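Take a look at the structure set out below.
Protein chains: 2
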Amino acid sequence: MKREQLIDQIRLKKSFLCIGLDTDIDKIPNSLLDTEDPVFEFNKKIIDATKDFCVSYKINTAFYESRGLAGWTSLIKTFEYLPKDCFSIADAKRGDIGNTSEMYAKAFFDPGSSGMSFDSVTVAPYMGADSVKPFLSFEDKWVILLALTSNQGSKDFQFLTSDGGGMLFESVLNTAKEWGSDENMMFVVGATRGEAFLTIRKHVPNHFLLVPGVGAQGGSLDDVCKFGMNQDCGLLVNSSRAIIYASSGEDFAEAARREAKKVQQEMAAWL
Amino acid sequence: MKREQLIDQIRLKKSFLCIGLDTDIDKIPNSLLDTEDPVFEFNKKIIDATKDFCVSYKINTAFYESRGLAGWTSLIKTFEYLPKDCFSIADAKRGDIGNTSEMYAKAFFDPGSSGMSFDSVTVAPYMGADSVKPFLSFEDKWVILLALTSNQGSKDFQFLTSDGGGMLFESVLNTAKEWGSDENMMFVVGATRGEAFLTIRKHVPNHFLLVPGVGAQGGSLDDVCKFGMNQDCGLLVNSSRAIIYASSGEDFAEAARREAKKVQQEMAAWL
């Protein structure tokens with residue numbers, strides 16, 4: 046998907062909500078457990094119920110890999126079911142030496158090879174340029190690079206002050222933005238870091254940011270919008286557990302729809 | 046596998062060779078392409094031919110994921126075929142927030158969930174403690190954390206001097222070694238960084254190091270041993286392409302055996 050198409054979708058739906066399909070087979074309603082692929086059936090119902098209110102779906106690959114072949118099957122089926130007007134994210138946190146990142150890129154971007162063709166994949170920055178660039182050679186595909194994450198452990202290294210000036214996450218932004226452009230790179234910035242968005246926007250005023258951490262992790266949508274929004278919106282705000290597990294009962298899809306609609310309405314007020 | 050068992054294997058086989066199964070379907074001999082699972086058949090023949098000379102096999106998951114379901118099938122079958130006396134590594138470079146790293150740990154350590162139970166998995170450090178610790182809660186399983194990698198891109202961030210004193214890779218070593226012990230953590234240190242092993246050994250004198258970059262990437266085994274070996278050997282030196290693609294013809298397995306034996310003999314002289 047091109048940047049312009051994503052912006053059009055945001056304007057059309059008055060939403061910059063991304064819904065995270067972190068689907069845990071131990072948390073889905075009993076009635077689905079008798080179906081051939083309960084995780085896919087759950088995802089399908091969640092997607093049907095929420096697609097009017099979001100512009101993106103993010104599939105957290107860990108939840109699928111953990112179930113081996115059965116999980117990989119659910120992953121591929123879920124990818125195929127994603128609405129084509131939604132920006133699709135393989136949240137895989139990959140990254141390795143060049144010849145290996147080429148293979149990861151094929152896994153998520155080359156349908157002839159893997160059966161999947163997401164719009165984007167999340168990538169970890171530690172191994173540097175040649176671990177990221179192979180993902181950027183695919184047309185209309187995006188790298189979403191980790192910059193400042195939403196978890197407690199982000200404090201271990203991401204805030205270290207480095208000799209380049211600024212903190213490690215700033216070095217990542219400044220170095221990595223040269224590898225691509227705001228047409229094929231985004232950055233992950235956790236919603237739990239409201240104030241840090243000011244710093245982030247000094248370095249990457251135009252890039253889209255993928256923002257996890259609203260919802261179960263406690264980040265504030267208002268802070269994210271106040272400090273992080275730019276003239277093209279520039280935000281995809283993710284919510285996973287707070288939406289897909291809004292109810293643990295048979296009404297999970299309606300509950301997810303209600304929750305997604307609520308977030309969308311808050312977003313509409315900001316746009 | 047316990048540390049003592051690994052050390053016993055190293056003494057028994059007079060080898061600290063790890064063979065990387067970065068098996069690319071485009072590089073395997075034509076005669077195998079008619080079989081049901083060419084990648085698995087190739088791996089099987091490579092394993093049979095080389096297992097006397099190595100103590101570890103490392104499966105690079107990217108090469109399997111890139112082929113979707115077929116690749117994931119080859120991955121599981123190859124895992125099952127690995128000799129039980131060899132230390133198995135899922136070279137997956139994973140790492141995410143706590144609840145997600147738990148899922149990645151199940152993917153590689155919990156056979157009841159995923160069908161696989163590797164001895165270890167490679168993990169990226171950028172997201173800090175809670176992205177790594179879930180892997181450490183499995184008995185006799187290891188995290189192999191990226192410290193100083195063998196690729197060009199390692200220069201982008203890993204050598205940044207940080208306010209903790211020392212460079213980023215040193216902060217990673219010093220912070221992360223407290224998360225586990227030399228009984229359940231190793232670190233990745235590229236062979237292309239011979240001189241850096243002196244620095245590494247100041248921080249982690251007792252830990253095992255997984256050393257990629259000998260062979261196709263140009264690292265020197267002698268430098269690695271001279272600067273990196275400790276009283277328990279403390280090294281697993283990986284070679285992938287130089288062994289598995291030693292010949293592109295029908296004699297690939299014999300050629301791999303010859304190459305592995307050659308490396309093992311150099312290693313025996315160092316033990």
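Chains G and R supply the protein sequences, listed in that same order. Our numbering puts the first sequence at residues 46 to 316. Our numbering puts the second sequence at residues 46 to 316. We put the beta carbon where it would ideally sit given N, CA and C, even for glycine. Keep in mind that this is a model prediction, so the values were computed, not measured.
What residues are listed by DSSP as bridge partners for residue i?
i: D136(R); result: N105(R)
i: F327(G); result: With chain G represented from 46 up to 316, any question about residue 327(G) goes unanswered, as that position is not in the structure.
i: C278(R); result: N275(R)
i: V259(G); result: G264(G)
i: R284(R); result: This sequence places Ser at residue 284(R); Arg is not what is there. In DSSP, S284(R) forms a bridge with I64(R).
i: M212(R); result: T206(R)
How long is the line joining the alpha carbons of residue i and residue j, rounded to whole angstroms?
i: S119(R); j: D208(R); result: 45 angstroms
i: N196(G); j: V217(R); result: 17 angstroms
i: D136(R); j: I104(R); result: 6 angstroms
i: K222(R); j: I245(R); result: 12 angstroms
i: K19(R); j: M172(R); result: No information on residue 19(R) is available, as it lies outside the stretch 46 to 316 that chain R covers here.
i: T145(G); j: L281(G); result: 28 angstroms
i: G157(R); j: F183(G); result: 37 angstroms
i: R112(G); j: K151(R); result: 8 angstroms
i: L114(R); j: A314(G); result: 43 angstroms
i: T138(R); j: F272(G); result: First, the residue type needs correcting, since residue 138(R) is Lys and not Thr in the sequence shown. Looking at the two C-alpha atoms, the distance is approximately 32 angstroms.
i: A107(G); j: G143(R); result: 11 angstroms
i: F85(R); j: E125(G); result: 27 angstroms
i: T206(G); j: G198(R); result: 20 angstroms
i: I52(R); j: F204(R); result: 31 angstroms
i: N229(G); j: G211(R); result: 34 angstroms
i: Y109(R); j: L316(G); result: 42 angstroms
i: T220(R); j: S176(R); result: 13 angstroms
i: E147(R); j: F180(R); result: 7 angstroms
i: P250(G); j: D277(G); result: 10 angstroms
i: G258(G); j: V233(G); result: 10 angstroms
i: S133(R); j: D79(G); result: 35 angstroms
i: W224(G); j: Q310(R); result: 43 angstroms
i: H248(R); j: E215(R); result: 7 angstroms
i: Y102(G); j: I73(R); result: 37 angstroms
i: D155(R); j: Y149(R); result: 10 angstroms
i: P83(R); j: L77(R); result: 5 angstroms
i: G279(G); j: E295(R); result: 54 angstroms
Since residue i and residue j should fall inside the 8 angstroms C-beta cutoff, what is the C-beta to C-beta distance between them, to a whole number of angstroms?
i: K96(R); j: C131(R); result: 7 angstroms
i: I64(G); j: A300(G); result: Contact flag wrong, Cβ pair sits at about 13 angstroms.
i: L62(R); j: M312(R); result: 6 angstroms
i: N283(R); j: V308(R); result: About 10 angstroms separates the two Cβ atoms, so there is no contact after all.
i: A94(G); j: R302(G); result: 4 angstroms
i: A241(R); j: G140(G); result: Incorrect: roughly 21 angstroms between the Cβ atoms, too far for contact.
i: V100(G); j: S162(G); result: That belief does not hold up - the Cβ atoms of V100(G) and S162(G) are roughly 18 angstroms apart, past 8 angstroms.
i: M231(R); j: F253(R); result: 4 angstroms
i: R48(R); j: D227(R); result: 7 angstroms
i: L193(R); j: R238(R); result: 6 angstroms
i: I91(G); j: A298(G); result: 6 angstroms
i: N88(G); j: T123(G); result: 5 angstroms
i: W187(G); j: S159(G); result: In fact, because the Cβ distance is near 17 angstroms, the residues do not count as touching under 8 angstroms.
Taking 7 angstroms as the cut-off, does the CB of residue i come closer than this to any heavy atom belonging to the ligand GDP?
i: S207(R); result: In the structure on display, the ligand GDP does not appear, and there are no ligands present to speak of.
Suppose only complete runs of 3+ residues qualify. What are the beta strand (DSSP E) ranges in the stretch 54–128 of chain G, listed by chain order?
If we require 3 residues or more, the beta strand (DSSP E) runs fully inside the stretch 54–128 of chain G come out as 62–66, 101–105.
Taking one C-beta from the stretch 64–79 of chain G and one from the stretch 281–299 of chain G each time, how about it: are there three or more such pairs within less than 8 angstroms?
yes
Every unbroken beta strand (DSSP E) within the stretch 129–210 of chain G, with a cutoff of 3 residues, ordered by chain
132–139, 165–168, 187–193
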